[in-house]
Amino acid sequence: MILERHFTITDLPQPLSIRAALQHWLIPRKWQHELRVQRSILVNNTYQPFNHLVHDGDQIDLTLNLQLPQQHYLPAAQVNFTVVYEDSDLLIINKPAGIKTHPNVPQETQTLFNQVRTYLNKQPLMIHRLDKLTSGLIMVGKNPLVIPILERQLAQKTMQRQYLAVTAYQAQVPKQGSIIAPIGRRDLHSTRRCLDSQGSFAQTDYRILQHNRRYALVKLNLKTGRTHQIRLHLQKIGLPILGDPLYGNEPAARMYLHAMKLTYQIPFTAKQRQVETLAPSEFYHLTT
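Everything in the sequence shown is counted per this note's numbering, starting at 694 for the first residue and increasing by one.
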């Protein structure tokens, strides 16, 4: 597969070597090596050694010839999501609650991935996931060239994700704070997770925005992205999510957790983009 990118440098912090600029743009080391070996990075239409300094205003042309793994999943019969933002690199959509993000077997057609396959008319590239019962923003890649860049933003925590939840209200719980508690698997065969001192580090910052005697509306910022992290962390401090069938204690029509905001760095720039969507109106009505 031939991947290409052509752009003008606009916001380097200072003149950088080509090698340093590629690192600054989060290009994987393997791809940096291929660009050098294939002599397929041009600065102002000319190949330059990797210690050559590049400046704002320089024209960059990247061409990568790569063998990429292919995903082969079926299209869905219909699309049931809202597009919140789209460009040539990616798609950000508002996932409904109650639909899986990704199929487990090639024969499945009822997941969000299958719907995006139908919408794009090609195999999408999922950058992150949401629990089946969670609604809200999810990012999908269209251009393979930006996938490792965005994945590194996730890993380095420069991509920020903000959520809203309706939880039980407990007056003794501080109105804001940071929950730090490692998370591990309950057992090898379970999809459930548990708080485990030997598990993976996990941190969630929270703030109660409004509440009544029964429920609270809680804003959450993920500092890590462990499976079921928000659900376990809110349970830990006595604010289980309304409708959470695994870690809650009150059934409801849905699980009241919504991914409301994504902030990320636009690939090959220092600019950030923030994409938001409102939570369903019942999140607010339940907590007034």
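Glycine included, every Cβ here is placed at the ideal spot set by N, Cα and C.
Query, Result
"Can you tell me which residues form a DSSP beta bridge with residue 682?", "Only positions 694 to 981 of the chain appear in this structure, which leaves residue 682 out of reach."
"If you follow the beta strand (DSSP E) that residue 901 is in, where does it begin and where does it stop?", "896-904"
"Only counting runs of 3 or more residues, tell me where the beta strand (DSSP E) segments fall wholly within the region 706-759, in order along the chain.", "734-736 and 752-758"
"Rounded to whole angstroms, how far is the Cβ of residue 887 from the Cβ of residue 879, which I believe are closer than 8 Å?", "5 Å"
"Between which two residues does the beta strand (DSSP E) carrying residue 968 extend?", "965-969"
"Check each candidate in 831, 862 and 859 and name the one with the smallest Cα separation from residue 847.", "831"
"Between the region 755-764 and the region 927-934, are three or more C-beta pairs nearer than 8 Å?", "no"
"For the region 840-857 and the region 955-962, state whether three or more C-beta atom pairs, one from each stretch, are separated by less than 8 Å.", "yes"
"Residue 814 by DSSP, collapsed to three states: which one?", "coil"
"If you drop the 5 nearest sequence neighbours on each side, which residues of the same chain put their C-beta closer than 6 Å to that of residue 811?", "768, 769 and 772"
"Measuring alpha carbon to alpha carbon, tell me which residue in 837, 751 and 926 is nearest residue 914.", "926"
"Would you mind stating whether residue 827 and residue 694 have Cβ atoms separated by less than 8 Å?", "no"
"Quickly, what does DSSP pair residue 819 with across the bridge? List them, please.", "833"
"Do you know offhand how far residue 874's Cα is from residue 975's?", "30 Å"
"Is the CB-CB distance between residue 898 and residue 835 below 8 Å?", "no"
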